[in-house]
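Asker: I'd like to ask you about the structure that follows.
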Ligand SMILES: [Zn+2]
């Protein structure tokens with residue numbers, strides 16, 4: 008699943024191409040099983056609200072891509088497990104599994120492609136009573152000063168969960184998923200099964216630093232295109248961070264630090280990969 012660095016890369020790629028442009032029309036795939044507009048009453052109304060809207064600003068919160076539009080409304084896109092958001096010329100051949108197309112100006116298309124159908128589109132209208140998506144419920148962004156060492160320490164001390172599960176809780180830290188929780192734990196030399204309130208002060212400091220460093224490096228390297236090859240940036244290119252992974256999807260291969268074979272375990276319903284020697 009695309010995580011913070013992948014969505015940040017897509018946002019950065021699309022910003023210069025989309026800012027100030029108008030959504031002339033929207034096409035939504037007629038698949039009745041699609042969850043894409045699950046929280047919006049009508050597809051017809053969704054399209055009508057977007058036709059002619061100007062894109063003022065793109066931003067990211069956790070794993071969500073946010074479009075501020077004029078007249079005032081907000082379009083939020085979540086790519087789910089395997090979604091892609093590609094900017095293409097309207098003449099370029101159509102990819103399989105297109106769920107929605109945002110027609111931009113006369114010649115460009117922003118295509119939302121989603122074979123596994125876990126992705127979703129949200130539309131927040133001004134003065135609507137109910138928000139389709141409460142972004143305020145998310146925890147702090149790990150690369151802002153809100154995610155301080157004191158904040159992380161406080162959260163860890165009052166929790167008794169396994170650290171791997173804790174790190175993927177979007178209400179605690181926004182934007183981390185399987186890839187970057189595995190990689191941060193390896194960097195901090197902490198076993199993914201450790202119970203959060205047993206972490207020592209120096210371990211918490213290492214983990215805080217590791218999360219921020221791994222995310223920054225992943226953004227610089229334009230995200231991770233893992234084994235499934237699904238992740239693409241906003242213009243269809245692969246990421247580069249997959250060549251720098253130390254544990255994620257490396258089960259059965261030797262640890263780069265110590266040579267011990269990387270293992271994996273199911274923790275909280277997700278697969279954690281780790282070095283049993285380096286991480287304690
Ligand atoms: Zn090792």
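Residue numbers (the working numbering): 8 to 287.
Glycine included, every Cβ here is placed at the ideal spot set by N, Cα and C.
In this text the structure is predicted, and so the values were computed from the model without any measurement.
#1: Please name the residue in 73, 153, 20 and 161 whose C-alpha comes closest to that of residue 85.
#2: Assuming residue 20 is part of the alpha helix (DSSP H), what are its boundary residues?
#3: On the criterion of 16 or more Cβ atoms from any shown chain inside 10 Å, does residue 261 qualify as buried, or is it exposed?
#4: What residue range is occupied by the uninterrupted beta strand (DSSP E) comprising residue 77?
#5: Taking residue 131 as the reference, give the member of 76, 173, 155 and 204 with the closest Cα.
#6: Report whether the distance from the Cβ of residue 266 to the nearest heavy atom of ligand 1 is below 8 angstroms.
#7: Assuming contact is defined by CB atoms lying nearer than 9 angstroms, are residue 277 and residue 185 in contact in what I supplied?
#8: With 16 as the cutoff for other CB atoms within 10 Å, does residue 128 come out buried or exposed?
#9: Regarding residue 256 and ligand 1, is the C-beta to nearest heavy atom distance less than 8 angstroms?
#10: Can you check whether the CB of residue 30 is closer than 9 angstroms to the CB of residue 111?
#11: Taking the straight line between their C-alpha atoms, what separation do you get for residue 218 and residue 250?
#12: Going by the DSSP bridge assignment, what does residue 254 pair with across the sheet?
#13: Roughly how many angstroms lie between the CA atoms of residue 57 and residue 33, to the nearest whole one?
#14: At what residue ranges does the segment 74-103 contain a whole run of the beta strand (DSSP E), taking only runs of 3 or more?
#15: Between the Cα of residue 201 and those of 259, 286, 115 and 104, spot the shortest distance and give me the residue it belongs to.
#16: Using the Cα positions of residue 267 and residue 281, report the straight-line distance between them to the nearest angstrom.
#17: Can you tell me where the beta strand (DSSP E) with residue 115 in it begins and where it stops?
#18: Heavy atom of ligand 1 less than 8 angstroms from the Cβ of residue 213, yes or no?
#19: Quick one: using the 10 Å Cβ neighbour count with 16 as the cut-off for buried, is residue 245 buried or exposed?
#20: So is the beta-carbon of residue 162 under 8 angstroms away from any non-hydrogen atom of ligand 1?
#21: Once the 5 residues before and after residue 26 are set aside, which same chain residues still bring their CB inside 8 angstroms of it?
#22: Spell out a yes or no on whether the segment 196-212 and the segment 228-236 are touching, meaning 3 or more CB-CB pairs, one atom from each, closer than 8 angstroms.
#23: Measuring only from the beta carbon, is residue 284 closer than 8 angstroms to any heavy atom that is part of ligand 1?
#24: Per the DSSP calculation, residue 35 is bridged to which residue(s)?
#25: Do residue 115 and residue 95 have their CB atoms nearer than 9 angstroms?
Answerer: Considering the structure as presented:
#1: Numbered from 1 along the chain shown, position 78 holds the residue referred to as residue 85. Ranking 73, 153, 20 and 161 by Cα distance to residue 85 puts 73 first.
#2: For this step, residue 20 is matched to residue 13 along the chain shown. That run of the alpha helix (DSSP H) goes 11-25.
#3: Position 254 of the chain shown holds residue 261. Residue 261 is exposed by the Cβ-count criterion.
#4: For the purposes of this step, residue 77 is identified with residue 70 of the chain shown, where counting begins at 1. Start and end: 71-77.
#5: Counted from its first residue, the chain shown places residue 131 at position 124. Of the candidates 76, 173, 155 and 204, the one whose C-alpha sits nearest the C-alpha of residue 131 is 76.
#6: Taking the chain shown and counting its residues from 1, one reaches residue 266 at position 259. Yes, since a heavy atom of ligand 1 falls inside the 8 angstroms radius drawn around the Cβ of residue 266.
#7: Position 270 of the chain shown, counting from 1, holds the residue named residue 277. Position 178 of the chain shown, counting from 1, holds the residue named residue 185. Yes; because the gap between Cβ atoms is below 9 angstroms, this pair is in contact.
#8: Along the chain shown, read from residue 1 onward, the residue named residue 128 stands at position 121. Flag for residue 128 reads buried.
#9: Here residue 256 refers to the residue found at position 249 of the chain shown. No, Cβ of residue 256 sits at least 8 angstroms from all heavy atoms of ligand 1.
#10: As a first step, residue 111 must be located in the chain shown, where it is residue number 104. As a first step, residue 30 must be located in the chain shown, where it is residue number 23. Yes, Cβ-Cβ distance for residue 111 and residue 30 is below 9 angstroms.
#11: Position 211 of the chain shown, counting from 1, holds the residue named residue 218. Position 243 of the chain shown, counting from 1, holds the residue named residue 250. Taking the straight line joining both Cα atoms gives about 18 angstroms.
#12: Here the question's residue 254 lines up with position 247 in the chain shown. The partner list for residue 254 (beta bridge, DSSP) is empty, contrary to what the question assumes.
#13: If you number the chain shown from 1, residue 57 lands on position 50. If you number the chain shown from 1, residue 33 lands on position 26. Straight-line Cα distance between these residues: approximately 7 angstroms.
#14: 80-85 and 91-96
#15: Locating residue 201 in the chain shown gives position 194, where the first residue counts as 1. Checked all of 259, 286, 115 and 104; the closest Cα to residue 201 is 286.
#16: Taking the chain shown and counting its residues from 1, the one referred to as residue 267 is at position 260. Taking the chain shown and counting its residues from 1, the one referred to as residue 281 is at position 274. Cα-Cα distance, rounded: 10 angstroms.
#17: Numbered from 1 along the chain shown, position 108 holds the residue referred to as residue 115. Segment 115-120, the beta strand (DSSP E) holding residue 115.
#18: Here residue 213 corresponds to residue number 206 of the chain shown, with the count starting at 1. The answer is no for residue 213.
#19: Position 238 of the chain shown holds residue 245. That one is exposed.
#20: Taking the chain shown and counting its residues from 1, the one referred to as residue 162 is at position 155. Not so, every heavy atom of ligand 1 lies at least 8 angstroms from the Cβ.
#21: Within the chain shown, residue 26 is the residue found at index 19, counting from 1. Only 62, 63, 64 and 65 meet the Cβ criterion.
#22: Remark: fewer than three beta-carbon pairs, one from each stretch, lie closer than 8 angstroms, so the segment 196-212 and the segment 228-236 are not flagged as touching.
#23: Translated into positions along the chain shown, residue 284 becomes position 277. Checking every heavy atom of ligand 1 against the Cβ of residue 284, one is found closer than 8 angstroms.
#24: Translated into positions along the chain shown, residue 35 becomes position 28. Its beta-bridge partners are 107.
#25: By one-based count along the chain shown, residue 115 stands at place 108. By one-based count along the chain shown, residue 95 stands at place 88. Closer than 9 angstroms, so yes.
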